[in-house]
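Chemist: Below you will find the structure I want to go over with you.
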Amino acid sequence: MLHDLLNALEETLFMVFSAGLITWITGLPLGTVLSVTGEGKFLENALVHRVLRLLINTTRSVPYMVLMIAVIPFTRFVVGVNEGSVAAVVPLTLAAIPHFAQFSEKALNRVPAGLIEAAKAVGASSFQIIYKILIPEALSNIIKGLTVTLVHLIGYSSIAGAIGAGGLGGLIIEKGHLDFHLDYVLATVVTLIALVHIIQSCGDYIANGNMRQNNT
Amino acid sequence: MISLNGIEKTVKNGHSVIHALKGITLDIEQGEVFGILGRKGAGKSALIRCINLLDPPSRGAVIIDSCDLTTLSTEALREARRSIGMIFQHFNLLASRTVFENVALPLELSGSPKSIFSATVQSLLALTGLTDKREAYPHQLNSEQKQRVAIARALVNRPKVLLCEEATAALDPSAKQAILQLLKEINEQFNLTILMMTHELDVIKPICDRVAVLHQGEIIEQGTVLELFTRPKTVVAKELIRTTALLDLPATLRHRLQPYPTEHSNPILRISFASFTAEESVIAEVIQHFQVSVNIIQAHLDTIRTESIGIMIAEMVGNSEEVKKAIQFLDNQDLHIEVLGYAPRSA
Chain A
843 MLHDLLNALE ETLFMVFSAG LITWITGLPL GTVLSVTGEG KFLENALVHR VLRLLINTTR
903 SVPYMVLMIA VIPFTRFVVG VNEGSVAAVV PLTLAAIPHF AQFSEKALNR VPAGLIEAAK
963 AVGASSFQII YKILIPEALS NIIKGLTVTL VHLIGYSSIA GAIGAGGLGG LIIEKGHLDF
1023 HLDYVLATVV TLIALVHIIQ SCGDYIANGN MRQNNT
Chain B
2 MISLNGIEKT VKNGHSVIHA LKGITLDIEQ GEVFGILGRK GAGKSALIRC INLLDPPSRG
62 AVIIDSCDLT TLSTEALREA RRSIGMIFQH FNLLASRTVF ENVALPLELS GSPKSIFSAT
122 VQSLLALTGL TDKREAYPHQ LNSEQKQRVA IARALVNRPK VLLCEEATAA LDPSAKQAIL
182 QLLKEINEQF NLTILMMTHE LDVIKPICDR VAVLHQGEII EQGTVLELFT RPKTVVAKEL
242 IRTTALLDLP ATLRHRLQPY PTEHSNPILR ISFASFTAEE SVIAEVIQHF QVSVNIIQAH
302 LDTIRTESIG IMIAEMVGNS EEVKKAIQFL DNQDLHIEVL GYAPRSA
């Protein structure tokens, strides 16, 4: 059983963290563009802002189960297969990006406008304002958003397990639901709970390390 | 050093258009500390943001060191802003950076390597008295120290001009004095031109050379601080000055004050002197030469930059002919006299 469990955990971790990494790389810039093009912001652009907002809200409003099946052709196009943990990363990422982008946008919006003004006054370019001022100042809240996103991803990856993505979700379907092994069910549940706690604690620890400086 | 030429600023607010600045023209000399005094909403924020084009004027020219900023490209403007330091009421320090890193920010943005700017930052920390705070984060500092960090940051690019937006408004009185003192030292040491926006006369008095009064988007009065203080021309300026306690009449007297003389009233005078000693001898002379007596209601010695002036509020008692002559006499002296009103004689 332990062997099965470790295998499943490995698959889950692979799905969650690869999707998490891609989400971080794409979601943060997306959230940044959303934030700085907002009304009254220093790169205000109603068109870009509205299009992105629409895109994000549309993706967010599709339940994960539906999204996962709807994007199967796209998944096949991107990774060549439509089953297994690698294939699952595609819908997981698509579901997580809008979530995280919105978290990042909110975190960036909370940076006081005065700081942007002060940076402009010393001759900062728009790009410098983003990576020297906005992102460092909002970092702890962005990390909190990432933590929540990772926890969501664990949930999503379990749903993905139901249609053949493997992982802890796959294990519980196969051994718990179909074969009725109670020990598998318990072990899986405990592992999932532990996993969520570890991610949450690490996230909080990193975010608070940043917060200590941010409590002005 | 700074020339503003017909600065206009209109702001769209929904369907209405607000005329925030209405043709501001000002000339500020190299090395001068120039104050702009105005109430909240007079247009101070709009004006200061027009000077470094954080919020460009709708019309008019901003000429700093013979360069019209309104004609510059985005790139050239960013370069020009490096020679215009600015400090704010709420400091605007980066919470995620230490004092050192905050001060270093402008240098970092202009791309100089750390090995070079470290010494510059260190010298500014020394100038602003923050050497032992270099590794502290803003939340560990008090307001005065935060403003010192902001000043160091504003000076790190060796600017030609320092813009101060209500820089002492969030500080308690002793911190306010300390920051004004620091600004004065910087002005003298580097011959730096400083522009102070404030609603407080207390900020203008100790350090400004000249002052302009901004009201509803217009400069309604300007001159030396001494002129403004001793003979304000406009109602608004008088109002602003009145807020410093000495010019306010005691409440009991203010309520009895009438605008015109009557059979049984005495004039209430406000007399400003270049110094306090002059004041005493002139009053003595008046009493000797004319059949009048002078009741001093309040007298006060004030310091404007390095000059001291005396301001006295007094009631002149005597028959109307003698009083008129006495006032005439005082008016011919080297002092400023103003009849504030007439108080009925107490029976």
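Protein sequence lines correspond, in order, to chains A and B. Take 843 as the starting number for the first sequence in the numbering used here and just add one per residue. Take 2 as the starting number for the second sequence in the numbering used here and just add one per residue. Even for Gly, the Cβ is constructed at its ideal location relative to N, Cα and C.
1) Which residues share a DSSP beta bridge with P268/B?
2) On the premise that N267/B lies in contact with V318/B, defined as a C-beta separation below 8 Å, what is that separation, rounded to the nearest angstrom?
3) What residue range is occupied by the uninterrupted alpha helix (DSSP H) comprising N103/B?
4) By a C-beta neighbour count over all protein chains shown, 10 Å radius and 16 as the cutoff for buried, is A151/B buried or exposed?
5) Taking its Cβ as the centre, do 16 or more other Cβ atoms sit within 10 Å of A153/B, making it buried, or is it exposed?
6) Looking at G112/B and the ligand ADP, is the gap between the Cβ and the nearest heavy atom below 7 Å?
7) Looking at I3/B and T199/B, is the spacing between their C-beta atoms short of 8 Å?
8) Tell me, to the nearest whole angstrom, how far the beta carbon of P933/A is from that of L909/A; I am working on the premise that it is less than 8 Å.
9) Going by other Cβ atoms of all chains shown within 10 Å of its Cβ, with 16 needed for buried, is A246/B buried or exposed?
10) Taking a cut of 9 Å between CB atoms, which residues from the stretch 983-1011 of chain A lie near chain B?
11) Does any residue of chain B bring its CB to less than 8 Å from the CB of G1045/A?
12) Can you pull the chain A residues whose beta carbon is under 9 Å from the beta carbon of F89/B, in chain order?
13) Hey, V931/A and A861/A: beta-carbon distance below 8 Å or not?
14) Helix, strand or coil for T129/B? Go by DSSP, reduced to three states.
15) Run down chain B in chain order and give the residues with a C-beta less than 8 Å from the C-beta of P978/A.
16) Between L183/B and S175/B, what straight-line distance do the alpha-carbon atoms span, to the nearest angstrom?
17) Can you pull out the residues from the stretch 105-129 of chain B whose beta carbon lies closer than 8 Å to at least one beta carbon of chain A?
18) What would DSSP say about Q146/B, mapped onto helix, strand or coil?
19) Could you check whether E316/B and A344/B sit closer than 8 Å to each other, using their CB atoms as the reference points?
20) Are the Cβ atoms of H216/B and A21/B separated by less than 8 Å?
21) Is E136/B close to chain A? Criterion is C-beta to C-beta, closer than 8 Å.
22) Go ahead and label G1051/A buried or exposed: buried means 16 or more other beta carbons lie within 10 angstroms of its beta carbon, across all protein chains shown.
23) Please go through the same chain and pick out, in chain order, the residues whose beta-carbon is closer than 8 Å to the beta-carbon of R83/B, but skip the five residues on each side of it.
24) Give me the chain A residues within the contact set of N296/B, using Cβ-Cβ distance strictly less than 7 Å, ordered along the chain.
25) Hey, out of H1039/A, G965/A and K986/A, whose CA is closest to A943/A's CA?
26) Indicate whether at least one CB of chain B lies closer than 8 Å to the CB of N1050/A.
27) With the cut-off set at 8 Å, would you say I187/B and L156/B are in Cβ contact?
28) Could you confirm whether any beta carbon from chain B is found closer than 8 Å to the beta carbon of A888/A?
29) If contacts are defined as beta-carbon pairs under 8 Å, then L172/B and Q148/B qualify, I think. What distance do you get, rounded to the angstrom?
30) Buried or exposed: which applies to F230/B, given that a residue is buried once 16 or more other Cβ atoms fall within 10 Å of its Cβ?
31) Any Cβ of chain A within less than 8 Å of the Cβ of L55/B?
32) Give the secondary structure of V226/B by DSSP, where H, G and I count as helix, E and B as strand, and everything else as coil.
33) Which residues in chain A have a C-beta closer than 7 Å to the C-beta of R82/B? List them in chain order.
34) Does the contact criterion of 3 or more C-beta pairs under 8 Å hold for the stretch 27-38 of chain B versus the stretch 1027-1045 of chain A?
35) Taking only beta-carbon positions, decide if L885/A is within less than 8 Å of chain B.
36) I'd like to check one pair, V1027/A with I1015/A: are the Cβ atoms closer than 8 Å?
Modeler: Well, looking at it:
1) The residue you call residue 268/B lines up with position 267 of the second sequence. Partner(s): Y343/B.
2) Translated into the one-based positions of the second sequence, residue 318/B becomes position 317. Translated into the one-based positions of the second sequence, residue 267/B becomes position 266. Cβ atoms of V318/B and N267/B come within 8 Å of each other, at about 5 Å.
3) Working through the second sequence from its first residue, we reach residue 103/B at position 102. Residues V100 to L110.
4) Counting from 1 along the second sequence, the entry for residue 151/B is found at position 150. Around the beta carbon of A151/B, a 10 Å sphere encloses 16 or more other beta carbons of the protein chains shown; the residue is thus reported as buried.
5) Stepping through the second sequence from its first residue, residue 153/B is reached at position 152. Only buried fits A153/B, as 16 or more other CB atoms lie within 10 angstroms of its CB.
6) Ligands in the displayed structure: none, and consequently the ligand ADP is not present.
7) Within the second sequence, the letter at position 198 stands for residue 199/B. Within the second sequence, the letter at position 2 stands for residue 3/B. Result no, Cβ atoms of T199/B and I3/B do not sit closer than 8 Å.
8) The residue labelled residue 933/A in the question sits at position 91 within the first sequence. The residue labelled residue 909/A in the question sits at position 67 within the first sequence. P933/A to L909/A, Cβ: 6 Å. Contact.
9) Along the second sequence, one-based indexing puts residue 246/B at 245. Caution is warranted here: a pLDDT of 44 is assigned to A246/B, below 50, making its placement in the model unreliable, and the coordinate value is therefore given only provisionally. It is exposed - the Cβ of A246/B has fewer than 16 other Cβ atoms within 10 Å.
10) Residues: none.
11) As a working mapping, residue 1045/A is identified with position 203 in the first sequence. No, no contact with chain B.
12) As a working note, residue 89/B is residue 88 in the second sequence. For F89/B, the neighbours in chain A by C-beta distance under 9 Å run, in chain order, G956, E959, A960 and A963.
13) Walking along the first sequence from the start, residue 931/A turns up at place 89. Walking along the first sequence from the start, residue 861/A turns up at place 19. Against a cut-off of 8 Å, the Cβ pair of A861/A and V931/A comes out as a contact.
14) Residue numbering aside, residue 129/B sits at position 128 when the second sequence is read from its first letter. Here DSSP, grouped into helix, strand and coil, assigns T129/B to coil.
15) Residue numbering aside, residue 978/A sits at position 136 when the first sequence is read from its first letter. The answer, in chain order, is L95, S97 and R98.
16) Your numbering for residue 183/B matches position 182 in the second sequence. Your numbering for residue 175/B matches position 174 in the second sequence. In a straight line, the C-alpha of L183/B is about 12 Å away from that of S175/B.
17) If you check each beta-carbon in the stretch 105-129 of chain B against every beta-carbon of chain A, the ones closer than 8 Å belong to L106, P107, E109, L110 and S111.
18) Residue mapping note: residue 146/B aligns to position 145 of the second sequence, counting from 1. Annotated three-state conformation of Q146/B is helix, per DSSP.
19) Here residue 344/B refers to the residue found at position 343 of the second sequence. Here residue 316/B refers to the residue found at position 315 of the second sequence. Cβ distance < 8 Å, so A344/B and E316/B count as in contact.
20) For the purposes of this step, residue 216/B is taken as residue 215 along the second sequence, with counting starting at 1. For the purposes of this step, residue 21/B is taken as residue 20 along the second sequence, with counting starting at 1. Contact: no.
21) By one-based count along the second sequence, residue 136/B stands at place 135. Output row for E136/B: interface = no.
22) Along the first sequence, one-based indexing puts residue 1051/A at 209. Counting C-beta atoms within 10 angstroms of its own C-beta, G1051/A has fewer than 16 neighbours from the protein chains shown and is therefore classed as exposed.
23) For this step, residue 83/B is matched to residue 82 along the second sequence. Answer for R83/B: P107, S111, N158 and P160, listed in chain order.
24) One-based indexing of the second sequence puts residue 296/B at position 295. The contacting residues do not exist; N296/B stays about 52 Å from chain A at best.
25) Sequence index remark: in the first sequence, residue 943/A carries index 101 (1-based). Ranking the options by Cα distance to A943/A, first place goes to K986/A.
26) Within the first sequence, the letter at position 208 stands for residue 1050/A. Taking Cβ atoms only, chain B never reaches closer than 8 Å to N1050/A, which makes this a no.
27) Sequence index remark: in the second sequence, residue 187/B carries index 186 (1-based). Sequence index remark: in the second sequence, residue 156/B carries index 155 (1-based). Yes, the Cβ-Cβ distance between I187/B and L156/B is below 8 Å.
28) Here residue 888/A is taken as the residue at index 46 of the first sequence, counted from 1. Taking Cβ atoms only, chain B never reaches closer than 8 Å to A888/A, which makes this a no.
29) Stepping through the second sequence from its first residue, residue 172/B is reached at position 171. Stepping through the second sequence from its first residue, residue 148/B is reached at position 147. Confirmed, about 7 Å.
30) Along the second sequence, one-based indexing puts residue 230/B at 229. Its Cβ being crowded by 16 or more others within 10 Å, F230/B is buried.
31) Position 54 of the second sequence, counted from the first residue, corresponds to residue 55/B. Closer than 8 Å to some Cβ of chain A, the Cβ of L55/B qualifies, so yes.
32) Residue numbering aside, residue 226/B sits at position 225 when the second sequence is read from its first letter. Shown here, V226/B sits in a helix according to DSSP, grouped into three states.
33) Indexing the second sequence from 1 puts residue 82/B at position 81. Close to R82/B, with beta-carbon spacing below 7 Å, are these residues of chain A in chain order: A963, V964 and G965.
34) No, the stretch 27-38 of chain B does not touch the stretch 1027-1045 of chain A.
35) In the first sequence, counting from the first residue as 1, residue 885/A sits at position 43. Contacts with chain B at 8 Å (Cβ-Cβ) do not include L885/A.
36) Walking along the first sequence from the start, residue 1015/A turns up at place 173. Walking along the first sequence from the start, residue 1027/A turns up at place 185. 8 Å or more divides the Cβ of I1015/A from the Cβ of V1027/A.
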